[in-house]
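What follows is one structure encoded as structure tokens, with my remarks underneath.
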Amino acid sequence: MSEVWKYSLKQSTSFAKCQICKEEVPRRGHTTNLMVHLKKHPNKEKALENVLRHQESVPVAGRSACSIKTQKSLEHFLKETEVWADHGTKTNEIDDAIAFMVIRDYQPVSIVEDEGFVNLLKLLAPKYRIPQRRVITRIIGEKYEKVAKKTKDAIVIWE
Ligand SMILES: [Zn+2]
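Sequential numbering from 12 applies to the sequence shown in this note's numbering.
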């Protein structure tokens, strides 16, 4: 029996499920794809151990099941924040959201320097680098240029 079955569950002749990441790998009767897939998990021995340990403790009601849930969402959150580093698209999205907030809620651009706001952002997106005022001002300028022809509303930016 191939070693790959230690890490995979046979679902059917065409699919097998990776025990580590739960991804369904097309196998078409052979194990080559599975072997290729398992290369994605350099520490597969350890990863499987962790997965199995979690599975064992899941049926236990109460505290342990709850902490697993918390840890899962924490892992998910950390993964999410990876893409917020530097010039990721999330960074641009947050920049845009701040610019939107400044306009929509009549906030001063200097909010990016406010302690409470900075604190909140750090908590939500630890890897996100809070932009300087002029960045937000520039984004607002760009947005305004785009809609200026369509609207007569004046936008006032408080520095
Ligand atoms: Zn996998």
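All C-beta atoms, glycine included, are put in the ideal place defined by N, C-alpha and C.
- A Cβ-Cβ distance of about 6 Å is found for the pair V123 and P142, placing them in contact under the 8 Å criterion.
- Taking the CA atoms as reference points, V15 sits about 54 Å from R145.
- DSSP, reduced to helix, strand and coil, places A58 within a helical segment of the structure shown.
- Judged by beta-carbon spacing, R39 lies beyond the 8 Å limit of A27, meaning their Cβ atoms are not closer than that value.
- When distances are taken from the beta-carbon of I151 to the heavy atoms of ligand 1, even the shortest one reaches 7 Å or more.
- Between T102 and V120, the C-beta spacing is not below 8 Å.
- Annotated three-state conformation of E124 is helix, per DSSP.
- Judged by the Cβ position, E34 qualifies as a neighbour of ligand 1 at the 7 Å threshold, a heavy atom of the ligand being closer than this.
- Boundaries of the beta strand (DSSP E) around V36: 35 to 37.
- Excluding five sequence positions before and after K57, none of the CB atoms of its chain fall closer than 7 Å to its own CB.
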